[in-house]
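Let me begin by presenting the structure, written as structure tokens, before commenting on it.
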């Protein structure tokens, strides 16, 4: 039983480590190419908290696919978020490598974000 809890704990650490990224991690991966759907958020933001479950669900669905779903904490990386032009939370942007494709402006629901990514990848 104790082993199962330890395994679950390690899995949670692994998932959250690849979901929450630093600017350096994101930039390094972007230089390799690929698509990135990035949420810029603040832990205290009510709207960010409300969409967290749906965004994590989106992360799980797209893990290992053509698009990387991740997030950057703008309290922790304030200078980077300012450089990226983040003025409100949450802000979601879709990148192809380092090139901005689109800023996501629709509802922050799993269904709408999934449709946005599915349409883009089609």
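Numbering (mature numbering (1 follows the signal peptide of the UniProt record, and there is no 0)), first residue to last: -17 to -1, 1 to 105.
Just so it is clear, CB atoms sit at the ideal spot from N, CA and C, and this is done for glycine as well.
Own chain partners of residue i with C-beta closer than 7 Å, once the 5 adjacent residues on each side are dropped
i	result
residue -5	At residue -5, the pLDDT of 36 sits below 50, so the modelled position is not reliable and the matter cannot be decided from this model.
Beta-carbon proximity of residue i to residue j, cut-off 8 Å
i	j	result
residue 60	residue 6	yes
residue 48	residue 19	no
residue 45	residue 100	yes
residue 24	residue 72	yes
residue 65	residue 76	no
Nearest candidate by alpha-carbon position, reference residue i, set the options
i	options	result
residue 81	2, 14, 99	14
Own chain residues within Cβ distance below 8 Å of residue i, not counting five before or after
i	result
residue 185	Because the chain is modelled from -17 through 105, residue 185 falls outside the range shown and cannot be assessed.
residue -2	Legend: pLDDT at residue -2 = 40, less than 50; position of this residue unreliable, value from coordinates given subsequently. Contacts found: none.
residue 40	93
residue 58	25, 26, 27
residue 98	none
Cβ-based burial, residue i [other Cβ within 10 Å; buried from 16]
i	result
residue 36	exposed
residue 69	buried
residue 84	exposed
Cβ-heavy atom distance, residue i to the ligand ZN, below 7 Å
i	result
residue 18	Absent from the structure shown: the ligand ZN. Ligands present: none.
Close-in-space but distant-in-sequence residues of the same chain around residue i (CB under 6 Å, 5 per side omitted)
i	result
residue 12	none
residue 63	6
Check your understanding: Is the segment 91 to 101 in contact with the segment 25 to 44, if contact means three or more CB pairs nearer than 8 Å?
Key -> yes
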